[in-house]
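*Asks:* Here it is, the structure in full.
What follows is the structure, encoded as structure tokens:
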């Protein structure tokens with residue numbers, strides 16, 4: 001049946017009344033329980049930070065299951081599959097969000113997944129059963145699309161009682177899922193709900209809202225080849241997703257996602273804060289212009305607040321790139337629309353409170369990290385307020401320099417992208433000056449940005465597979481996971497199970513060659529969680545190699561990056577693996593120290609402190625954490641004192657494995673943004689620090705020796721960084737500082753402990769000399785005032801253009817004060833000077849001279865190019881520095897010519 005042959009009947013009122021109202025929470029729980037009872041394992045949502053470098057954010061439920069789909073990891077044999085409700089963020093079309101009833105940046109995806117156990121018949125049967133018996137959707141309002149050649153699925157739907165008139169065959173663009181040009185793929189079947197003739201649309205799969213897709217069943221059964229053929233996969237997989245918000249809209253009989261219970265409660269927060277009223281409907285841009293803008297802003301605040309809250313709760317912090325940029329853009333867009341509604345001051349905390357009330361029981365991370373989310377939101381709102389004022393100043397400058405009545409699209413885009421100005425606000429400000437905006441140019445810049453965003457995020461489930469696999473995945477499938485014995489041993493007898501050179505498997509490597517070597521059993525720790533990989537040696541009967549690094553390109557596969565120093569090494573060969581034990585010991589001291597440091601920071605600064613990144617090497621440690629202000633010297637000392645008290649208490653470490661639920665219940669700190677399995681490793685330093693960690697640690701805190709903080713800096717908004725050293729590195733650091741202090745004391749001819757006082761006294765003397773020099777320069781300038789007046793000409797107002805070398809900007813302003821007082825009537829001055837080889841030009845004028853045509857900014861613009869410089873200012877005073885002192889005379893001549901002197 002083609003799309004043109006599709007037929008449907010009108011929906012009667014009796015069918016609408018048959019529908020049963022369900023809350024979002026009820027739908028979520030019914031779905032998970034349904035598939036749990038079928039034999040699927042209920043699993044929690046994974047983080048919004050995907051365990052996949054090819055993805056920016058988790059945008060589909062299948063992301064956490066990629067290793068199981070390709071059987072790189074085997075799923076729990078006690079279950080037939082998995083079922084989840086996955087929190088997702090998708091921002092490819094951020095500018096559309098709010099304008100329709102369907103688009104959201106944050107949404108929940110209900111999913112169930114099978115990795116070779118059940119397939120089409122079970123999936124279709126269960127989807128139909130859940131839709132018609134659990135949700136009790138009217139069967140005559142359900143419609144189905146299938147891939148045009150997938151007769152098997154059509155027969156399954158028909159066997160379940162679906163009328164052929166409710167089944168539509170669609171082509172590959174609509175109903176065939178691919179990961180990319182090659183790789184896993186297969187047909188899919190989508191289920192639609194007919195919302196009735198009041199909605200636009202003619203058939204499932206078109207652009208209208210009448211037929212609302214709510215469930216997509218993907219049947220991954222082929223492996224796409226380079227020649228276009230479809231080879232059967234070893235196992236047939238199921239990957240399904242049902243949009244929770246869309247299903248809630250259906251079950252609650254509303255016209256858009258924004259009118260469902262959860263989102264409507266968030267819209268109500270905006271109504272309460274602003275005093276505005278929400279009209280609702282499928283299209284927020286339709287109808288009355290003023291009301292449409294109110295609806296759009298209320299929708300955006302409701303949607304974006306969820307994205308912002310959950311992104312921060314999962315460990316994403318605002319920044320100018322990557323995930324942090326997406327977060328900041330969503331947050332600022334919400335703030336802008338709140339201000340458009342008339343909400344004054346920070347307000348997103350009100351949305352957070354409602355989100356926790358509505359969703360905190362399902363996603364405990366939003367509750368656990370409430371303080372951090374609140375603080376970051378507040379800080380960003382205040383920061384954006386300052387940025388907004390800066391942006392307004394930027395726009396005023398651009399308008400004053402505008403040659404014409406059209407603001408360039410690039411300028412409007414800069415305001416949008418850098419300062420968070422929506423185009424509507426830019427247009428509003430421009431209209432007050434009689435200026436229009438180049439929309440075509442702005443749209444072109446926006447499209448370029450969208451293209452970059454789509455390329456970066458790859459936006460959907462297909463992209464999640466695009467870089468998966470390769471030689472490491474195949475190696476893991478073939479040889480299995482390594483056995484890691486490095487917690488207990490730094491040496492082990494083992495055998496080589498694989499060698500990878502230049503991206504391909506090889507059987508042997510010779511002297512001088514570099515490759516990745518895989519052992520059956522290894523004591524080498526692979527770089528993970530901030531801890532660097534081990535180095536050492538691997539030696540066999542025929543040769544030995546230096547291990548230069550250790551990494552885990554796939555979960556379970558530890559690869560040793562080696563260079564053969566002598567002889568050769570071959571697959572199957574027995575070898576002795578030895579970690580550089582001294583280097584490992586230094587690393588473990590620093591790693592345990594980061595745990596103690598983390599706990600100390602939380603005690604001193606507050607529970608909002610969470611790890612935001614780390615580096616643990618043999619030489620030093622670096623710890624990034626969420627905090628909102630520079631640490632004071634006293635706070636740093638408190639942290640050091642606490643940490644060293646624990647270190648010097650010689651406390652035995654307690655390291656053990658337990659379930660994730662038991663660890664959380666006992667109050668273990670889970671690192672911000674990290675992902676954990678069902679079984680976790682707990683690392684305890686007495687009762688002071690208790691964290692989940694898979695890294696290497698000391699056996700007793702006394703092994704650390706001493707911790708010394710060497711730097712505390714900012715790395716991003718709301719993110720601080722501590723750098724520290726321990727043990728021998730701490731001793732070296734303190735000895736170096738002591739030697740420097742002794743050298744300074746010797747140079748100052750003072751005792752080491754008197755250096756600070758001697759330096760302060762010397763600086764005070766220097767400042768006195770500098771003040772005397774400035775006074776001498778000012779006196780000289782005043783005595784030369786008559787010489788300046790001799791250069792005065794009349795161009796409708798008194799004007800002096802003169803070169804006086806040796807003056808800085810402050811001295812030039814002093815000259816202007818003296819000359820202005822001695823001019824016969826208010827005038828203007830242009831001064832040029834070369835001081836210490838650097839050229840500087842200043843232009844200044846009275847209000848009367850400006851009224852007569854003088855503009856200091858224009859004068860500087862004309863003159864500064866000759867000294868290869870630039871600057872700015874106001875019509876009454878402007879200044880420029882440059883790089884080419886040889887052009888100073890030409891610059892002053894240009895100023896004279898411009899002013900008609």
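Residue numbers (full-length UniProt numbering): 1 to 901.
Just so you know, even glycine gets a beta-carbon here, dropped at the ideal spot from N, CA and C.
Give the DSSP bridge partners of residue 86, in chain order.
*Replies:* On the chain shown, position 86 is the one that residue 86 refers to. Residue 86 pairs with 109.
*Asks:* My guess is that residue 804 and residue 831 are in contact by the Cβ rule of under 8 Å, so how many angstroms apart are they, rounded?
*Replies:* To locate residue 804, count along the chain shown from 1; it is residue 804. To locate residue 831, count along the chain shown from 1; it is residue 831. Indeed they touch by this definition, with Cβ atoms about 6 Å apart.
*Asks:* How about the stretch 587-600 and the stretch 560-578: do they share at least three Cβ pairs that are nearer than 8 Å?
*Replies:* no
*Asks:* Can you find the residues in the same chain that come closer than 6 Å, C-beta to C-beta, to residue 551, ignoring five residues on each side of it along the sequence?
*Replies:* On the chain shown, residue 551 is found 551 positions in, with the first residue counted as 1. The answer, listed in chain order, is 526, 527, 533 and 559.
*Asks:* Spatial neighbours of residue 835 within its chain, please: CB distance less than 7 Å, with the 5 preceding and 5 following residues excluded, ordered by chain position.
*Replies:* As a working mapping, residue 835 is identified with position 835 in the chain shown. Around residue 835: 805, 806, 807 and 808.
*Asks:* At the level of alpha carbons, what is the spacing between residue 106 and residue 72?
*Replies:* Start at 1 with the first residue of the chain shown, and residue 106 comes out as number 106. Start at 1 with the first residue of the chain shown, and residue 72 comes out as number 72. Approximately 30 Å, taken between the alpha carbons.
*Asks:* Output needed for residue 113: all residues of its chain with C-beta closer than 7 Å, excluding positions within five of it in sequence on either side, in chain order.
*Replies:* If you number the chain shown from 1, residue 113 lands on position 113. Around residue 113: 62, 65, 81, 82, 238 and 239.
*Asks:* Kindly list the residues whose CB is nearer than 6 Å to the CB of residue 218, restricted to its own chain and excluding five residues on each side of it in sequence; keep chain order.
*Replies:* The residue given as residue 218 occupies position 218 in the chain shown. Around residue 218: 177, 188 and 239.
*Asks:* Where does residue 827 fall in DSSP's three states?
*Replies:* Residue numbering aside, residue 827 sits at position 827 when the chain shown is read from its first letter. Coil.
*Asks:* Using a Cβ-Cβ cutoff of less than 7 Å, which residues in the same chain neighbour residue 489 once the five nearest sequence positions on both sides are dropped?
*Replies:* Walking along the chain shown from the start, residue 489 turns up at place 489. Cβ within range, chain order: 523.
*Asks:* Does DSSP put residue 560 in a helix, in a strand, or in coil?
*Replies:* Position 560 of the chain shown, counted from the first residue, corresponds to residue 560. In the structure shown, residue 560 sits in a strand (DSSP, three-state: E or B).
*Asks:* Tell me whether the stretch 139-148 and the stretch 88-104 touch, counting them as touching only if at least three CB pairs, one residue from each stretch, are closer than 8 Å.
*Replies:* In short, these stretches do not touch, since the Cβ pair count stays below three.
*Asks:* Could you tell me if residue 566 is buried or exposed, where buried requires 16 or more neighbouring beta carbons within 10 angstroms of its beta carbon?
*Replies:* Your numbering for residue 566 matches position 566 in the chain shown. Counting Cβ neighbours within 10 Å, residue 566 comes out exposed, since fewer than 16 surround it.
*Asks:* What do you get for residue 410, buried or exposed, if any count of 16 or more other CB atoms within 10 angstroms of its CB means buried?
*Replies:* The residue you call residue 410 lines up with position 410 of the chain shown. By the 10 Å Cβ count, residue 410 comes out exposed.
*Asks:* When you compare only the Cα positions, how much space is there between residue 166 and residue 153?
*Replies:* The residue given as residue 166 occupies position 166 in the chain shown. The residue given as residue 153 occupies position 153 in the chain shown. Rounded to the nearest angstrom, the two C-alpha atoms are 13 Å apart.
*Asks:* Going by the CB atoms, is the gap between residue 355 and residue 302 shorter than 7 Å?
*Replies:* If you number the chain shown from 1, residue 302 lands on position 302. If you number the chain shown from 1, residue 355 lands on position 355. Cβ atoms of residue 302 and residue 355: not closer than 7 Å.
*Asks:* Going by Cα to Cα distance, which pick from 555, 897, 585 and 611 is closest to residue 372?
*Replies:* For this step, residue 372 is matched to residue 372 along the chain shown. With distances taken between Cα atoms, residue 372 lies closest to 611.
*Asks:* Rounding to the nearest angstrom, what Cα-Cα distance links residue 879 and residue 58 in this structure?
*Replies:* Taking the chain shown and counting its residues from 1, one reaches residue 879 at position 879. Taking the chain shown and counting its residues from 1, one reaches residue 58 at position 58. Rounded to the nearest angstrom, the two C-alpha atoms are 50 Å apart.
*Asks:* Does DSSP put residue 69 in a helix, in a strand, or in coil?
*Replies:* Sequence index remark: in the chain shown, residue 69 carries index 69 (1-based). Residue state, collapsed to three classes: helix.
*Asks:* Using a 10 Å radius around the Cβ and a threshold of 16 neighbouring Cβ atoms, would you call residue 118 buried or exposed?
*Replies:* One-based indexing of the chain shown puts residue 118 at position 118. With 16 or more other Cβ atoms within 10 Å, it is buried.
*Asks:* In terms of alpha-carbon separation, which member of 901, 893, 494 and 866 lies closest to residue 885?
*Replies:* As a working mapping, residue 885 is identified with position 885 in the chain shown. The candidate whose alpha carbon is nearest that of residue 885 is 866.
*Asks:* Looking only at its own chain, which residues have a Cβ that is under 7 Å from the Cβ of residue 583, when we skip the five neighbours before and after it?
*Replies:* Within the chain shown, numbered from 1, the residue matching residue 583 stands at position 583. Cβ within range, chain order: 535 and 618.
*Asks:* Leaving aside the five residues before and after residue 546 along the sequence, list all residues of the same chain whose C-beta is less than 7 Å from its C-beta, in chain order.
*Replies:* The residue you call residue 546 lines up with position 546 of the chain shown. In chain order, 537, 562, 563 and 565 place their CB closer than 7 Å to the CB of residue 546, counting only its own chain and leaving out the 5 sequence neighbours on each side.
*Asks:* Give me whichever residues DSSP pairs with residue 879 in a beta bridge.
*Replies:* By one-based count along the chain shown, residue 879 stands at place 879. Bridge partners of residue 879: 842 and 872.
*Asks:* Quick one: Cα of residue 134 to Cα of residue 40, how far?
*Replies:* For this step, residue 134 is matched to residue 134 along the chain shown. For this step, residue 40 is matched to residue 40 along the chain shown. If I take the Cα positions, the gap works out to 17 Å.
*Asks:* Can you list the beta strand (DSSP E) stretches of 3 or more residues lying completely in the stretch 477-514, in chain order?
*Replies:* 491-501, 504-506 and 508-510
*Asks:* Please classify residue 538: does DSSP put it in a helix, a strand, or coil?
*Replies:* The residue given as residue 538 occupies position 538 in the chain shown. Strand at residue 538.
*Asks:* Report the residue from 389, 894 and 502 whose alpha carbon sits nearest the alpha carbon of residue 802.
*Replies:* Reading the chain shown from its first residue, position 802 is the one you call residue 802. Residue 802 has its Cα closest to that of 894, out of 389, 894 and 502.
*Asks:* Go ahead and label residue 230 buried or exposed: buried means 16 or more other beta carbons lie within 10 angstroms of its beta carbon, across all protein chains shown.
*Replies:* In the chain shown, the residue the question calls residue 230 occupies position 230. By the neighbour-count rule (16 or more Cβ atoms within 10 Å), residue 230 is not buried but exposed.
*Asks:* Alpha carbon to alpha carbon, what distance is there between residue 222 and residue 67?
*Replies:* For this step, residue 67 is matched to residue 67 along the chain shown. For this step, residue 222 is matched to residue 222 along the chain shown. Between residue 67 and residue 222, the C-alpha separation is close to 17 Å.
*Asks:* Do you know how far the Cα of residue 214 is from the Cα of residue 199?
*Replies:* Position 199 of the chain shown holds residue 199. Position 214 of the chain shown holds residue 214. So the alpha carbons of these two residues sit roughly 16 Å apart.
*Asks:* Within a Cβ cutoff of 6 Å, which residues of the same chain sit near residue 608, ignoring the five residues on either side of it in sequence?
*Replies:* Residue numbering aside, residue 608 sits at position 608 when the chain shown is read from its first letter. If we look at residue 608 and ignore the five residues flanking it on each side, its Cβ neighbours are 371, 372 and 375.
*Asks:* Indicate whether residue 407 and residue 437 have their beta-carbon atoms separated by less than 7 Å.
*Replies:* In the chain shown, residue 407 corresponds to position 407, counting from 1. In the chain shown, residue 437 corresponds to position 437, counting from 1. For residue 407 and residue 437, yes; Cβs fall inside 7 Å.
*Asks:* Which residues share a DSSP beta bridge with residue 798?
*Replies:* Counting from 1 along the chain shown, the entry for residue 798 is found at position 798. DSSP lists 794 as partners of residue 798.
*Asks:* Beta carbon of residue 724, beta carbon of residue 701: below 7 Å?
*Replies:* The residue given as residue 724 occupies position 724 in the chain shown. The residue given as residue 701 occupies position 701 in the chain shown. It is not a contact, given that the beta carbons lie outside the stated cut-off.
*Asks:* Counting only runs that start and end within the stretch 197-273, where is the alpha helix (DSSP H) found for 4 or more residues in a row?
*Replies:* 244-251
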